[in-house]
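Novice:
Numbering (this note's numbering), first residue to last: 1481 to 1609.
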């Protein structure tokens, strides 16, 4: 019984390491910004199973993959809103693979409590003082 648990623990560490590497490469390549048709397309791109990705995200981040990806996109949106103050907010959403401007606005507001334009205005106002 002990040996079986040891083998399972080794396998789990191996899976975590493999998914970590593939997901890290995926993020570094900016592929989290792409608008995939479905989660299955992402799984194929990463060459992992749904269970492996779910296990990794739950273990590493304490959340689902889709929640983690959404947060990653929102953080990138914040950077872009500040780096490109003249760029319309909906264009930021498009650059992050969220083509529908109302969907981007909803996701951003859900995560930050403000629309992208409100967040940009508020942040720039605070940092100009």
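C-beta: ideal position from N, C-alpha, C; glycine also. Please read these numbers as outputs of a predicted model, since none were measured by experiment.
1) Give me the Cα-Cα distance between residue 1575 and residue 1513, rounded to the nearest whole angstrom.
2) Does the beta-carbon distance from residue 1515 to residue 1577 come in below 7 angstroms?
3) Among 1500, 1603, 1579, 1568, which has the Cα closest to the Cα of residue 1538?
4) With C-beta atoms as the reference, is residue 1569 less than 7 angstroms away from residue 1590?
5) Classify residue 1483 as buried or exposed, calling it buried when 16 or more other Cβ atoms lie within 10 Å of its own Cβ.
6) Less than 8 angstroms between C-beta atoms, sequence neighbours within five positions excluded: which residues of the same chain meet that for residue 1544?
7) By how many angstroms is the C-alpha of residue 1529 removed from the C-alpha of residue 1502?
Specialist: This is what the structure holds:
1) 7 angstroms
2) yes
3) 1500
4) no
5) exposed
6) 1534, 1537, 1538
7) 12 angstroms
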